[in-house]
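Protein chains in written order, with the numbering used here: chain A, 4 to 343; chain D, 409 to 679.
We treat Cβ as the ideally placed atom computed from N, Cα and C, and that holds for glycine.
What you are looking at is a predicted structure, and each value in this text was computed from that prediction instead of being measured.
Here the structure is laid out as structure tokens; the discussion comes afterwards.
Right, here's the structure in full:
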């Protein structure tokens with residue numbers, strides 16, 4: 004997959020960086036290019052990755068205080084007056100506490116406000132369950148007109164931030180506070196709504212987002228030793244989902260695993276299942292994520308392992324889904340046999 | 409030339425009659441809180457706001473955010489009578505395919521400056537527009553009409569702090585203080601008084617007026633424009649259901665359905 008310009012994670016030392024940093028670089032790039040952006044934060048600039056932006060562009064930065072609801076409403080007003088606004092705070096505060104305001108002012112008015120869920124997924128780590136946002140993708144995805152992006156690394160986070168500024172309607176982007184592996188480069192194509200096929204394979208497809216793209220690429224490598232051809236797709240855009248790539252994966256490989264650092268209810272797995280159940284032949288799917296529970300304290304790395312989100316766990320899910328695919332093939336799925 | 413207070417009162421009567429016809433025709437809608445807000449809206453749209461109804465997107469226009477979005481019938485009637493769209497549209501209020509949705513939708517209706525619906529959110533929107541206006545050195549002003557029951561919403565007070573902190577003297581909020589909400593009197597449900605002191609403590613310039621007195625309302629809006637370094641709150645003391653005696657000060661007329669008989673009686677009172 005040389006044309007994807009990916010980092011060779013098998014043969015080189017993989018660098019890491021918090022995707023919050025990519026967000027910040029994207030914001031700085033936008034301001035440097037002369038985009039009329041306003042970046043808002045709710046007393047978490049130090050943690051959420053906008054402090055450098057604040058230093059560089061103080062007149063484009065506004066700390067609203069611990070007023071997440073007012074921040075979203077104020078952002079709506081700024082957008083109505085023609086500004087390109089980015090609002091930033093922890094995912095469970097931006098997507099959670101301010102959900103009604105996002106819905107009723109921003110989405111209902113189709114406003115160009117970009118909402119950032121910093122420290123999302125399990126990346127709030129030691130802070131524990133109350134501060135980890137595992138439901139943000141699901142609750143944002145239900146909102147009409149909302150675009151939802153979960154960048155895989157800091158490089159992609161920067162591209163997603165710049166892309167969001169150009170999308171006329173609302174966008175939710177989710178970032179991590181902790182360092183995660185960098186698997187893409189500036190050469191890697193990125194378009195909102197278009198998933199990237201990062202590895203070819205015909206036996207099974209892993210559709211992943213966020214840090215689990217890296218884990219999925221490692222899982223694919225592990226499974227290769229068993230003689231399995233595993234396709235890996237970076238589904239960074241949860242909404243609008245790249246239905247073409249998902250449906251092709253279902254038809255061509257016949258088994259899917261989705262992998263995300265969030266709830267198994269309503270996230271990437273939910274989106275893929277919804278799309279396939281209505282368009283394709285029966286395809287076994289295994290949704291890897293956090294199953295209907297809150298997070299807990301620990302390091303990000305420990306938590307990924309604790310919640311079964313590592314390459315090894317994804318490989319186990321692949322084997323399980325493949326056994327279901329085999330059983331289905333045995334039944335002659337999708338075909339009927341005339342009885343004599 | 410500005411209309412005289414007498415002319416403004418005549419316009420208000422027409423708008424009140426429109427409101428009643430709309431809610432009768434729709435079979436639903438918030439009549440009490442619409443009637444209490446009519447005089448405020450008429451004072452704004454016919455006297456205070458610098459707007460061009462034939463150019464609703466005119467960039468330099470003053471903005472009005474209807475935070476008490478349930479008063480949509482009053483706003484729609486005012487906009488139609490002010491020339492934003494045909495008054496015949498008012499008969500489509502709340503109906504399928506209507507431009508006049510139950511709560512204001514800026515993507516559907518000419519003259520709506522922001523989509524609103526969920527209570528307590530308008531002032532934040534007004535602040536955002538005001539901050540952008542100051543950045544861009546625009547002279548237009550932003551008005552936000554709130555209900556008093558809305559003050560139960562925490563976001564109102566967040567926005568109150570933001571406006572004062574950023575010295576948004578281009579923001580003028582108006583509270584339609586009719587003392588009634590859906591379930592009863594505000595003071596019985598969760599007391600708001602002393603509301604004027606609360607806003608003063610939040611570092612706002614506060615003006616108390618009779619919300620049905622055109623001279624007092626327009627004078628308050630002029631005063632607000634002259635106040636620098638501070639946002640202004642006009643506490644407009646009003647009567648819920650104003651103009652229709654059997655609706656006045658009755659909480660059940662928050663959103664009660666108007667029947668044909670009652671409609672005739674109400675229209676007689678407003679003739």
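Contact note: residue 566/D reaches chain A through 70, 72 and 73, using a C-beta cutoff of 7 Å and chain order.
Short of 6 Å from the beta carbon of residue 18/A, and not among the five residues preceding or following it, lie these beta carbons of its own chain, in chain order: 185.
Using a CB distance below 9 Å, the part of the region 533 to 551 of chain D facing chain A consists of 533, 534, 535, 536, 537, 538, 539, 540, 541, 543, 544, 546 and 550, ordered along the chain.
Fully enclosed beta strand (DSSP E) runs of no fewer than 3 residues occupy 40 to 44, 64 to 66 and 87 to 93 of the region 22 to 100 of chain A, in order along the chain. Residue 476/D sits buried, since 16 or more C-beta atoms from the chains shown fall within 10 Å of its C-beta. For residue 199/A, the enclosing beta strand (DSSP E) starts and ends at 199 to 202. In the DSSP annotation of this structure, the continuous segment of the alpha helix (DSSP H) that includes residue 321/A starts and ends at 314 to 333. Burial check for residue 515/D: the Cβ neighbour count within 10 Å stays below 16, so the residue is exposed.
Around the C-beta of residue 466/D, fewer than 16 other C-beta atoms lie within 10 Å, and the residue is accordingly described as exposed.
Annotation for residue 275/A: the continuous alpha helix (DSSP H) segment containing it runs 271 to 280. Residue 213/A holds the alpha-carbon nearest to the alpha-carbon of residue 140/A among 113/A, 171/A and 213/A. In this structure, 639/D is the residue among 594/D, 446/D and 639/D with its C-alpha nearest to the C-alpha of residue 538/D. In this structure residue 589/D is buried. Its beta-carbon is surrounded by 16 or more other beta-carbon atoms within 10 angstroms. The Cβ of residue 107/A sits closer than 8 Å to at least one Cβ of chain D. Where residue 261/A is concerned, the enclosing beta strand (DSSP E) starts and stops at 259 to 266. Restricting attention to alpha helix (DSSP H) runs no shorter than 4 residues, the region 89 to 167 of chain A encloses them at 139 to 144, ordered along the chain. Per the DSSP secondary-structure output, residue 175/A pairs in a beta bridge with 118/A and 151/A.
With a beta-carbon spacing of about 5 Å, residue 22/A and residue 179/A fall inside the 8 Å limit used to define contacts. Put simply, the CB of residue 104/A is near chain D, with a gap under 8 Å to one of its CB atoms.
Residues of chain D with a Cβ closer than 8 Å to the Cβ of residue 111/A are, in chain order, 513, 523 and 525. Pairwise C-beta distances place the region 82 to 101 of chain A in contact with the region 55 to 74 of chain A, as three or more of them are shorter than 8 Å. At a cut-off of 8 Å between beta-carbon atoms, residue 81/A makes contact with chain D. When C-beta atoms of the region 561 to 574 of chain D are compared with those of the region 452 to 462 of chain D, fewer than three pairs fall below 8 Å, so the two segments do not count as touching. In the DSSP assignment, the residues bridged to residue 584/D are 555/D and 644/D.
For residue 184/A, the enclosing beta strand (DSSP E) starts and ends at 182 to 184.
When the Cα atoms are used, residue 299/A and residue 596/D turn out to be separated by approximately 43 Å. The region 607 to 632 of chain D is shown to contain whole beta strand (DSSP E) runs of 3 or more residues at 613 to 618, in chain order. Counting only residues of its own chain and dropping the five nearest sequence neighbours on each side, residue 291/A has a CB closer than 8 Å to the CB of 215, 260, 261, 262, 263, 267, 272, 311, 312, 316, 317 and 320. Under the Cβ criterion (8 Å, minimum of three pairs), the region 223 to 243 of chain A does not count as touching the region 40 to 50 of chain A. DSSP, read as helix, strand or coil, puts residue 194/A in strand. Chain A places no beta carbon closer than 8 Å to that of residue 624/D, leaving this residue out of the contacts. Straight-line measurement puts the Cα of residue 88/A at about 39 Å from the Cα of residue 620/D.
Just measuring C-alpha positions, the residue of 118/A, 147/A and 110/A sitting nearest residue 92/A is 118/A. Here the alpha carbon of residue 218/A sits roughly 37 Å from the alpha carbon of residue 39/A.
Proximity of chain A to residue 529/D at the Cβ level (cut-off 7 Å) is accounted for by 76, 104, 107 and 108, in chain order. At a cut-off of 8 Å between beta carbons, residue 429/D makes no contact with chain A.
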